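Please read the structure below before turning to the comments.
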Amino acid sequence: MLQIDNIDVYYGKIQALKGVSLTVNDGETVALIGSNGAGKSTTLRTISGLLRPKQGSILYDGKPLDKLASHDIVRMGIVHCPEGRRIFGSLSVNENLRLGAAAQTDANLTEKTRKDVYELFPRLQERANQQAGTLSGGEQQMLAIGRAMMSQPKLLLLDEPSLGLAPLLVESVFDIIQQIKERGVTILLVEQNAWQALEIADRGYVMETGKITLTDRASALLTNPQVEQAYLGGAV
Ligand SMILES: Nc1ncnc2c1ncn2[C@@H]1O[C@H](COP(=O)(O)OP(=O)(O)OP(=O)(O)O)[C@@H](O)[C@H]1O
Ligand SMILES: [Mg+2]
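Per this note's numbering, the sequence shown starts with residue 38, numbered consecutively.
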């Protein structure tokens, strides 16, 4: 479904990605793990068209993405849920969700998706008219994911959905990702919370300073001593 081949990405003169290759197959959940500054967010930003690779190619269903505008990439079904929950604090929960469906033209379908999102996040439904900025951190994260779901992604790019959440909420976010996966959405999941990400992923990639250093089935990475040492803090 998504095929990234040998991309180099720069911020000015600084090279953030060095020959990164990665594939995501239809229906898969793929985890991209690695320490701070490894290039995980840069990878997602490049897929969604916010950054351009200087070299290499990105194909989606066989079509090149790297010349398309971000909004066209969204229309193709690739939706990016960025780091740090970018919700609109002064708008209500409902209005935030409506903005997520801005590219949708079919009102009936949008209404159906909204019901679906509220089913996934009953807490958001209870707070439909609440100002989004007054939601708790965990609720804001749910809203960010819910808004991404409103554009009916085929491929969902999630950047650190569990960041800054208390352990119990981390659990519920991973629960929700699992449910989204069960609805047939393909997911590329960036996480520092490597252990939990690999628990729900089919495959994983380990990134270090702009390069992919390891890739395998998620179950194999979970027991790989190299991963255990570096990202899982020893004992699994
Ligand atoms: N806007 C920017 N301008 C210049 N350098 C940047 C910019 N954004 C990121 N970088 C650099 O690119 C590298 C990769 O950053 P990136 O945000 O992709 O890392 P990450 O793996 O997502 O890290 P984290 O886990 O901390 O979110 C880092 O060295 C970072 O300092
Ligand atoms: Mg990041």
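Note that CB positions come from ideal geometry on N, CA and C, so glycine has one too.
Nothing here was measured: the structure is a model prediction, and the numbers come from that model.
Quiz item: Touching or not, the stretch 240-247 and the stretch 52-70, by the rule of three or more beta carbon pairs under 8 Å?
Solution: yes
Quiz item: Among Leu-258, Pro-262, Gln-266, which has the Cα closest to the Cα of Leu-69?
Solution: Leu-258
Quiz item: In three-state DSSP terms, what is Ile-110?
Solution: helix
Quiz item: Can we say the stretch 135-150 touches the stretch 170-188, given the rule of at least three CB pairs closer than 8 Å?
Solution: yes
Quiz prompt | N- and C-terminal bounds of the beta strand (DSSP E) containing Gly-76 | solution = Careful: Gly-76 lies outside any beta strand (DSSP E) and carries neither H nor E.
Quiz item: How do the stretch 91-100 and the stretch 244-263 stand: do at least 3 beta-carbon pairs fall below 8 Å, yes or no?
Solution: no
Practice problem: Kindly examine ligand 2 and report whether one of its heavy atoms sits closer than 7 Å to the Cβ of Ser-78. | Solution: yes
Self-check item: Any 3 or more C-beta pairs closer than 8 Å across the stretch 202-214 and the stretch 166-184
Solution: yes
Quiz prompt | Other residues of its chain near Gly-56: CB distance less than 6 Å, five sequence neighbours each side excluded | solution = Asn-43
Practice problem: Verify whether the separation of the beta carbon atoms of Leu-136 and Arg-151 is less than 8 Å. | Solution: no
Quiz item: For Gln-40, which of Leu-192, Leu-205, Lys-50 has the nearest alpha-carbon?
Solution: Leu-192
Quiz item: What number of angstroms, rounded off, separates the C-alpha of Thr-83 from the C-alpha of Val-46?
Solution: 8 Å
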